[in-house]
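Colleague: When you read off a place in the sequence shown, starting at 1, and then add 14, the result is the number in this note's numbering.
In this text, a Cβ means the ideal position worked out from N, Cα and C, and glycines have one as well.
Note that this is a predicted model, so its numbers are computed, not measured.
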Amino acid sequence: MRILSCSLALCIASALTAQDFIHYKFDANCTAEVINLANGPQAFPGNGTLQTNSAISSWDTGVFGGCLAGGANLAPTYYNRVVTGWNPSTQPITGDLTIAWFMRQRAGSNIGTGLNYLFGAATGGHRMFTNGVAGTGLVQREILAGGGNNTVRDFQLPAATTNIQALAAAGWTHVAMVVETATQTATYYVNGVNVFQLANVPGAQINLAGQYMVGAYSTSATGAGSAYDIDEFLISLRAYSAAEILTMSTTPRAGDGDYLSAIPAQCGTGNVTLGSSGGAPFVGNTAYSLDVTATTPSLYVLAIGFDRCLLGGTLPLPFDGSLVDPLLNGCWILADPAVTIGGAAFGGATPNPLPIPATTPFGAALYSQVLTLDATTFAVSMSSGFASSIGF
Numbered sequence: 015m016r017i018l019s020c021s022l023a024l025c026i027a028s029a030l031t032a033q034d035f036i037h038y039k040f041d042a043n044c045t046a047e048v049i050n051l052a053n054g055p056q057a058f059p060g061n062g063t064l065q066t067n068s069a070i071s072s073w074d075t076g077v078f079g080g081c082l083a084g085g086a087n088l089a090p091t092y093y094n095r096v097v098t099g100w101n102p103s104t105q106p107i108t109g110d111l112t113i114a115w116f117m118r119q120r121a122g123s124n125i126g127t128g129l130n131y132l133f134g135a136a137t138g139g140h141r142m143f144t145n146g147v148a149g150t151g152l153v154q155r156e157i158l159a160g161g162g163n164n165t166v167r168d169f170q171l172p173a174a175t176t177n178i179q180a181l182a183a184a185g186w187t188h189v190a191m192v193v194e195t196a197t198q199t200a201t202y203y204v205n206g207v208n209v210f211q212l213a214n215v216p217g218a219q220i221n222l223a224g225q226y227m228v229g230a231y232s233t234s235a236t237g238a239g240s241a242y243d244i245d246e247f248l249i250s251l252r253a254y255s256a257a258e259i260l261t262m263s264t265t266p267r268a269g270d271g272d273y274l275s276a277i278p279a280q281c282g283t284g285n286v287t288l289g290s291s292g293g294a295p296f297v298g299n300t301a302y303s304l305d306v307t308a309t310t311p312s313l314y315v316l317a318i319g320f321d322r323c324l325l326g327g328t329l330p331l332p333f334d335g336s337l338v339d340p341l342l343n344g345c346w347i348l349a350d351p352a353v354t355i356g357g358a359a360f361g362g363a364t365p366n367p368l369p370i371p372a373t374t375p376f377g378a379a380l381y382s383q384v385l386t387l388d389a390t391t392f393a394v395s396m397s398s399g400f401a402s403s404i405g406f
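1. Please state whether DSSP places GLN211 in a helix, a strand or coil.
2. Less than 8 Å between the C-beta atoms of PHE296 and PHE406, yes or no?
3. Check whether the Cβ atoms of LEU171 and LEU158 lie closer than 8 Å to each other.
4. Residues in its own chain within less than 6 Å of ASN214 by CB, not counting five upstream and five downstream?
5. Going by C-alpha to C-alpha distance, which of PHE35, ASP388, ASN124 sits closest to TYR92?
6. Hey, how far is the Cα of HIS37 from the Cα of LEU348?
7. Can you tell me which of the three DSSP states ILE125 falls into?
8. Does ALA218 come out as helix, strand or coil in the three-state DSSP assignment?
9. Measure from the alpha carbon of ASN368 to the alpha carbon of each residue in SER255, THR300, GLN33, then state which is nearest.
10. Alpha carbon to alpha carbon, what distance is there between SER255 and VAL192?
11. Going by the CB atoms, is the gap between ASP34 and ALA57 shorter than 8 Å?
12. Take GLU47 as the anchor and find which of ARG322, ALA393, GLU194 has the nearest alpha-carbon.
13. Anyone know if the C-beta pair for GLY357 and ASN366 falls short of 8 Å?
14. Can you give me the C-alpha to C-alpha distance between VAL147 and LEU181, rounded to a whole angstrom?
15. Tell me CYS81's beta-bridge partners as DSSP assigns them.
16. Decide yes or no for the touch test of the region 274-290 against the region 210-225: beta carbon pairs closer than 8 Å, at least 3 of them.
17. Between the Cα of GLY149 and those of LEU132, ALA359, THR127, spot the shortest distance and give me the residue it belongs to.
18. If I measure Cβ to Cβ from HIS188 and keep anything under 6 Å in the same chain, skipping five residues before and after, which residues do I get?
19. Evaluate PHE360 with the Cβ neighbour count: other Cβ atoms within 10 Å of its Cβ, from every protein chain shown; 16 or more gives buried, anything less gives exposed.
20. How many whole angstroms separate the CB atoms of ALA44 and ILE244, which I take to be in contact at a CB cut-off of 8 Å?
21. At what residues does the beta strand (DSSP E) containing ILE370 begin and finish?
22. The beta strand (DSSP E) that contains GLU412, what's its start and end?
23. In chain order, what residues of the same chain lie with their CB nearer than 7 Å to the CB of LEU251, ignoring the 5 residues before and after it?
24. Helix, strand or coil, according to DSSP, for ALA268 in the structure here?
25. With DSSP collapsed to three states, give me the class of VAL147.
26. Residues in its own chain within less than 6 Å of THR310 by CB, not counting five upstream and five downstream?
27. Return the CA-CA distance between PRO102 and LEU212, expressed in angstroms with no decimal places.
28. I'd like to confirm the pairing. Which residues does DSSP put opposite ASP388 in its beta bridges?
29. Between the alpha carbons of ARG267 and SER403, how many angstroms are there, rounded?
30. At the level of alpha carbons, what is the spacing between THR144 and ASP272?
31. Let me make sure I understand the geometry here. Which of GLY122, GLY269, GLY185, THR66 has the alpha-carbon closest to that of LYS39?
32. Going straight from the alpha carbon of ALA230 to that of LEU313, what length do you get?
33. Would you decide whether ASP339 is buried or exposed? Buried here means 16 or more other CB atoms lie within 10 Å of its CB.
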């Protein structure tokens, strides 16, 4: 893990203007559920799902924590793709946009000259690829509202400007694409540096049909998968500044979100939820809080730990709480508790302040869950898990 820093002013500014839509860190290799850590009111309300036919691991060591392993062009050909649940035809994106990610050529893969898709929507819609008309550069197809530099709506990073294949073959490479309506520009950044920019671009427009995926753009043979490992994938509904892009190329982005790890059902489903307030869990954010909301007056125990894959380093998560106490039958344990906080919830969100000190390591992660006891009926309820990933 790289421990880096950003200015407090930049961290605060980033958190206050957060409009992230999808943010995947690919950090937990124990489940097919990929947590969407986008923080803020415009976050897509759902997590991704890993689909794979790989005989080898779908996960690998990433830039910060884990990453989604590439699969295509290995022998035999495998795919690892994350289905986001987002369909741009029913929830289009227009105007400002930032898409950013790390990429690295998968060990043992052969890029060759065939089209290689990193992400996109399935039915002839937006997609990112190299090879083909992209050469050794990149093309984002069906992305710009007012014309591009290859076909009508494409935004191409020319191979003559940046040989992305050579960079990714040498190691992790950060790529960001920013469309800003105020300046009418579309810009590619590579490793935090502005390498190519188009002018007179009215904005982004992603509105074609299809299930949006990362690690592929469709389930067809030609769109099966990517030969590139992918990490820290982010879509935001605002134009990140050059300073933020530079920071993102060296420092993990803060975010949080809930998860269920594919459990069949949770006890007292819907009676208690766990969320956050005070902005994203960025380093130095003293206002960050984990909030318990119960539908009836209840006592609660909030558990906070550092692992959602193993309890005590040995017992695989999740498991039914009846293994701990018969009263917890049907209550699924989703996080390894390192500390617990007790309290009472009487309606509305009950905050549990969790200030993030300025000395907190970037990339640290917390996993939380809350258990409630109804003050009248003594019925127990358990929330979904909640992940807090600390960054800038």
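Modeller: Let me lay it out:
1. strand
2. yes
3. No Cβ-Cβ contact shorter than 8 Å links LEU171 with LEU158.
4. Excluding positions up to five away in sequence, the list reads GLN198.
5. ASN124
6. 21 Å
7. coil
8. strand
9. Here residue 368 is Leu; the residue named in the question, Asn, does not match the sequence. The option with the nearest alpha carbon to LEU368 is THR300.
10. 9 Å
11. yes
12. ARG322
13. yes
14. 19 Å
15. Residue pairing by DSSP places CYS81 opposite ASP74 in a beta bridge.
16. no
17. THR127
18. Leaving aside the five residues that flank HIS188 on each side, the residues in its chain whose CB is nearer than 6 Å to its CB run, in chain order, PHE116, ASN205, SER263.
19. Label assigned to PHE360: exposed.
20. Strictly speaking, residue 44 in this sequence is Cys, with Ala absent from that position. In fact, because the Cβ distance is near 19 Å, the residues do not count as touching under 8 Å.
21. Careful: ILE370 lies outside any beta strand (DSSP E) and carries neither H nor E.
22. Residue numbering for the chain in the displayed model covers 15 to 406; residue 412 lies beyond these limits and cannot be assessed.
23. The beta carbon of LEU251 sits closer than 7 Å to the beta carbons of GLN33, PHE35, GLN56, ILE107, ASP110, LEU111 from its chain, once the five residues preceding and following it are set aside; these are given in chain order.
24. coil
25. helix
26. ASP388
27. So the alpha carbons of these two residues sit roughly 24 Å apart.
28. SER312
29. 8 Å
30. 34 Å
31. GLY269
32. Taking C-alpha positions only, ALA230 is separated from LEU313 by approximately 45 Å.
33. exposed
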